[in-house]
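Student:
Residue numbers (my numbering): 1327 to 1758.
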């Protein structure tokens, strides 16, 4: 399960990233809290707008960010993006501790952070392939997700306690300091041991090469559609958790932070379960999407804070299973020369849908009830599961029959499927 950690470079990177991720989750939690409770009067739409500004650049800058990940030195690019995000955390922290922060400041910093993150995300995702050998890539992707969600387990709980004790501004300043860990890890990497891939050649059509490639890959297209549906309307956890905590259960900052940490327990479990698999499967994506819909539906009807918190674990397991499997499937089956551009498309769809979905979900929470906002998340899970099922029926030959009430599912033999995917991948590579 932890075989990727045997490599020195990956171990160094993972340690630095874990510290930085804890700080990132601390800032996200504190930022949502001050927008909801200090800068507005429990306005979920404002939280949604912050999310839209923070993730919108992923979509708007898509061609450029993917090109940068494929053509530039990823380690140097990450040094620049991580340094910029640390500086932004420092700036927001200083404004907050001096009581000068206003809502428009948070909007501006969210947008600037979104621009830096738009370049950081595809480079960070594809940089993993330079840290481990090919057979361990799927495991490394899953462990990255486990680390990210272990940070989500720790960060919000610390942020909730610190926000209540010393204020959100100090949380932002601590986050700025944690970027030093990942910057140090990038400088300590043994460059001669990196698994370098040949940089993509610069050509007039290189910016759109990723789009042409994806268009000819139905297996990647179905993953992107499923990720778009759930990423846009389902993964709005800051809205779900903050509005349920404040408006429905009338809890404080500490209890709000605990909710995010409890959901992260499920996320870590989902990532570790994915790490045990040698190769990601589309069938697992279908199961994860369906379970996500069920989890959101159950969570929406929980009557008390404690049961709501427990139900979040199911959402965490299903969401992380889906996203880790999707990430690994795309990285493993994509031509290395196009991996940066394809991962930029993936990250843009995953996070870039937030500017569309977050304001809508926030409006639903404000206009109707936070429970109805979770209902939107449930619908996105069921819709994504339907897309996955249609793909499995058409391309995998999935058939289901019942023996009494027990279902029996059959699919094409793996050998025939692998031959078809290899032929499709080769055709798409030549065409792009």
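Quick reminder that beta carbons are idealized off the backbone N, C-alpha and C, glycines included.
How far does the alpha helix (DSSP H) with residue 1653 in it reach, from first residue to last?
Tutor: Residue numbering aside, residue 1653 sits at position 327 when the chain shown is read from its first letter. First-last of the alpha helix (DSSP H) with residue 1653: 1631–1659.
Student: Nearest-angstrom Cα distance between residue 1441 and residue 1391?
Tutor: The residue given as residue 1441 occupies position 115 in the chain shown. The residue given as residue 1391 occupies position 65 in the chain shown. When rounded, the distance between both Cα atoms is 10 Å.
Student: Going residue by residue through the region 1408–1490, where are the continuous alpha helix (DSSP H) segments of at least 4 residues, counting only ones entirely within it?
Tutor: The region 1408–1490 contains these whole alpha helix (DSSP H) runs: 1429–1453.
Student: Cα-Cα, which of 1359, 1345, 1380 is closest to residue 1488?
Tutor: Taking the chain shown and counting its residues from 1, the one referred to as residue 1488 is at position 162. Residue 1359 is the option with its Cα nearest to residue 1488.
Student: Since residue 1650 and residue 1595 should fall inside the 8 Å C-beta cutoff, what is the C-beta to C-beta distance between them, to a whole number of angstroms?
Tutor: Reading the chain shown from its first residue, position 324 is the one you call residue 1650. Reading the chain shown from its first residue, position 269 is the one you call residue 1595. Between residue 1595 and residue 1650 the Cβ distance is about 11 Å, and since that is not below 8 Å, they are no contact.
Student: Using only CA atoms, which one of 1394, 1536, 1432 lies nearest to residue 1374?
Tutor: Here residue 1374 is taken as the residue at index 48 of the chain shown, counted from 1. Among 1394, 1536, 1432, the Cα nearest to that of residue 1374 belongs to 1432.
Student: How long is the line joining the alpha carbons of residue 1515 and residue 1347, rounded to whole angstroms?
Tutor: Within the chain shown, the letter at position 189 stands for residue 1515. Within the chain shown, the letter at position 21 stands for residue 1347. So the alpha carbons of these two residues sit roughly 19 Å apart.
Student: Tell me the DSSP secondary structure of residue 1492 in three-state form.
Tutor: Locating residue 1492 in the chain shown gives position 166, counting from the first residue. Coil at residue 1492, not helix or strand.
Student: With 16 as the cutoff for other CB atoms within 10 Å, does residue 1339 come out buried or exposed?
Tutor: On the chain shown, residue 1339 is found 13 positions in, with the first residue counted as 1. That one is buried.
Student: I think residue 1680 touches residue 1378, with their Cβ atoms under 8 Å apart; what is that distance to the nearest whole Å?
Tutor: For the purposes of this step, residue 1680 is taken as the residue at position 354 of the chain shown. For the purposes of this step, residue 1378 is taken as the residue at position 52 of the chain shown. Yes, they are in contact, since the Cβ atoms of residue 1680 and residue 1378 sit about 6 Å apart, within 8 Å.
Student: Pop quiz: residue 1618 and residue 1637 are said to be a contact at Cβ under 8 Å. What is the actual Cβ separation, rounded to whole angstroms?
Tutor: Translated into the one-based positions of the chain shown, residue 1618 becomes position 292. Translated into the one-based positions of the chain shown, residue 1637 becomes position 311. Not confirmed; about 12 Å, so no contact.
Student: Could you tell me which of 1682, 1705, 1632, 1685 sits nearest to residue 1303, measuring between CA atoms?
Tutor: This structure cannot speak to residue 1303, because the chain is shown only from 1327 to 1758.
Student: Between residue 1642 and residue 1609, is the Cβ-Cβ spacing less than 8 Å?
Tutor: The sequence position of residue 1642 within the chain shown is 316, counting from 1. The sequence position of residue 1609 within the chain shown is 283, counting from 1. Cβ distance not < 8 Å, so residue 1642 and residue 1609 don't count as in contact.
Student: What does the Cβ neighbour count give for residue 1457, buried or exposed, with the cut at 16 atoms within 10 Å?
Tutor: The residue given as residue 1457 occupies position 131 in the chain shown. By the neighbour-count rule (16 or more Cβ atoms within 10 Å), residue 1457 is buried.
Student: How many Å lie between residue 1367 and residue 1357 at the Cα?
Tutor: The residue given as residue 1367 occupies position 41 in the chain shown. The residue given as residue 1357 occupies position 31 in the chain shown. Answer to the nearest angstrom: the Cα atoms are 15 Å apart.
Student: One question on the structure: do residue 1666 and residue 1396 come within less than 8 Å of each other, judged by their Cβ atoms?
Tutor: Start at 1 with the first residue of the chain shown, and residue 1666 comes out as number 340. Start at 1 with the first residue of the chain shown, and residue 1396 comes out as number 70. Yes, Cβ-Cβ distance for residue 1666 and residue 1396 is below 8 Å.
Student: Give me, in chain order, the residues of the same chain whose beta-carbon lies closer than 6 Å to that of residue 1708; leave out the 5 immediate sequence neighbours on both sides.
Tutor: Here the question's residue 1708 lines up with position 382 in the chain shown. These residues qualify, in order along the chain: 1619.
Student: Would the beta-carbon of residue 1404 fall within 8 Å of that of residue 1329?
Tutor: The residue given as residue 1404 occupies position 78 in the chain shown. The residue given as residue 1329 occupies position 3 in the chain shown. No, the Cβ-Cβ distance between residue 1404 and residue 1329 is not below 8 Å.
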